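Scroll down for the structure; my scribbles are underneath it.
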Amino acid sequence: MSLLHLLEDFGGARGAAGGHPAPNDEELETRRLAAFEEGYQAGWDDALHAHTQDRMRLTSDLAQNLLDMSFTYNEAYTHLFRELRPLLVEIVDKLLPRMLRHSIGPRIVEELQAAATDTLRGEAHILVNPDVAKTVAALVAQDGAFPVSIRGDAALAEGQAQLSLPDREIEINLDQMIAEISSALEAFTHDLQKEDPDDRKHAV
């Protein structure tokens, strides 16, 4: 008896497999390319998503930094002005009035010179506070544009003067100018206090 019948016969398996022949090299290459493209596309999508997320994060960080810088600038500006405010008030209330008081004479001379250029004839009458009358008289005498009479009027402040020219009346009020500057300073301070950077930051 032959021993062949004792050995496993793989012929049937080969025959069954023969119904699905092994892929050739071209099919294998096509499958490899498809798998590569699929993996490449997935990697590209992941990289693009990560890049987009990074850009969004950088944009958000930049916006936050700019916002922080804005608040920092406003806080520094507000703090600086609050520190300077007493000095500015001192200048407006004390130094500026003295400066303008000394400038009342030159201001009157300017008006007289402007009137003289209009070739006006006649005499100019000037009313000033008695405390500055001598100073104004000395300055007007140096100019000599045309005849001028100067009288003191206690009802006028040192920063006020009334000029009666042949063709018009002129009123000089440096005290009102100081009051307007002081009022503007107070209004600016009030607006600055309303716009507190800390309050705006909490509101955001």
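Residue numbers (the working numbering): 24 to 227.
A virtual CB, placed ideally from N, CA and C, is assigned to each residue, including glycine.
Only a predicted model underlies this, so the values are computations on that prediction, with no experimental measurement involved.
key: Supposed contact pair residue 150 and residue 185 - C-beta distance, whole angstroms, cut 8 Å   = As a working note, residue 185 is residue 162 in the sequence shown. As a working note, residue 150 is residue 127 in the sequence shown. Yes, they are in contact, since the Cβ atoms of residue 185 and residue 150 sit about 4 Å apart, within 8 Å.
Nearest-angstrom beta carbon gap, residue 112 and residue 201 [assumed within contact, 8 Å] = Here residue 201 corresponds to residue number 178 of the sequence shown, with the count starting at 1. Here residue 112 corresponds to residue number 89 of the sequence shown, with the count starting at 1. About 12 Å separates the two Cβ atoms, so there is no contact after all.
request  = May I ask which residues mark the beginning and end of the beta strand (DSSP E) holding residue 175?
outcome  = Numbered from 1 along the sequence shown, position 152 holds the residue referred to as residue 175. Taken as a continuous stretch (DSSP letters only), the beta strand (DSSP E) holding residue 175 covers 171-175.
ask   = Taking C-beta to C-beta, are residue 127 and residue 182 nearer than 8 Å?
value = As a position in the sequence shown, residue 127 is number 104, starting the count at 1. As a position in the sequence shown, residue 182 is number 159, starting the count at 1. Yes, they are a contact pair.
message = According to DSSP, residue 183 sits in a beta bridge with which residue or residues?
response = Counting from one through the sequence shown, the residue named residue 183 turns up at place 160. Residue 183 pairs with 196.
Residue 178 - DSSP class collapsed to helix/strand/coil = Here the question's residue 178 lines up with position 155 in the sequence shown. In the structure shown, residue 178 sits in coil (DSSP, three-state: anything other than H, G, I, E or B).
task = For residue 99, count neighbouring Cβ atoms within 10 angstroms of its own Cβ and tell me buried if that reaches 16, exposed if not.
result = Here residue 99 corresponds to residue number 76 of the sequence shown, with the count starting at 1. Its Cβ having fewer than 16 others within 10 Å, residue 99 is exposed.
Euclidean distance between Cα positions of residue 172 and residue 146 = By 1-based counting over the sequence shown, the position of residue 172 is 149. By 1-based counting over the sequence shown, the position of residue 146 is 123. Going by the C-alpha atoms only, they are around 7 Å apart.
inquiry  = If you measure between the beta carbons of residue 175 and residue 152, is that distance less than 8 Å?
reply    = Residue numbering aside, residue 175 sits at position 152 when the sequence shown is read from its first letter. Residue numbering aside, residue 152 sits at position 129 when the sequence shown is read from its first letter. Yes, Cβ-Cβ distance for residue 175 and residue 152 is below 8 Å.
task = Give the range of the beta strand (DSSP E) segment to which residue 149 is assigned.
result = Along the sequence shown, read from residue 1 onward, the residue named residue 149 stands at position 126. Note, residue 149: beta strand (DSSP E), 147-151.
Proximity to residue 210 [Cα-Cα], best of 108, 73 and 161 = Locating residue 210 in the sequence shown gives position 187, counting from the first residue. Among 108, 73 and 161, the Cα nearest to that of residue 210 is on 108.
task = Take residue 148 as the anchor and find which of 75, 165 and 194 has the nearest alpha-carbon.
result = Within the sequence shown, the letter at position 125 stands for residue 148. Among 75, 165 and 194, the Cα nearest to that of residue 148 belongs to 194.
key: Cα-Cα separation between residue 80 and residue 90, rounded to whole angstroms   = As a first step, residue 80 is located in the sequence shown; it is residue number 57 there, counting from the start. As a first step, residue 90 is located in the sequence shown; it is residue number 67 there, counting from the start. Rounded to whole angstroms, residue 80 to residue 90 spans 15 Å at the Cα level.
message = Between which residues of its own chain and residue 187 is the CB-CB distance below 6 Å, once the five residues before and five after are set aside?
response = To locate residue 187, count along the sequence shown from 1; it is residue 164. Correct list, in chain order: 148.
task = Could you have a look at residue 214 and say whether DSSP puts it in helix, strand or coil?
result = Taking the first residue of the sequence shown as 1, we reach residue 214 at position 191. DSSP places residue 214 in helix when its eight states are reduced to three.
ask   = By how many angstroms is the C-alpha of residue 205 removed from the C-alpha of residue 160?
value = Numbered from 1 along the sequence shown, position 137 holds the residue referred to as residue 160. Numbered from 1 along the sequence shown, position 182 holds the residue referred to as residue 205. Taking the straight line from one Cα to the other gives about 30 Å.
message = For residue 189, tell me which candidate among 212, 138 and 180 has the shortest Cα-Cα distance.
response = Within the sequence shown, the letter at position 166 stands for residue 189. Comparing Cα positions, the closest option is 138.
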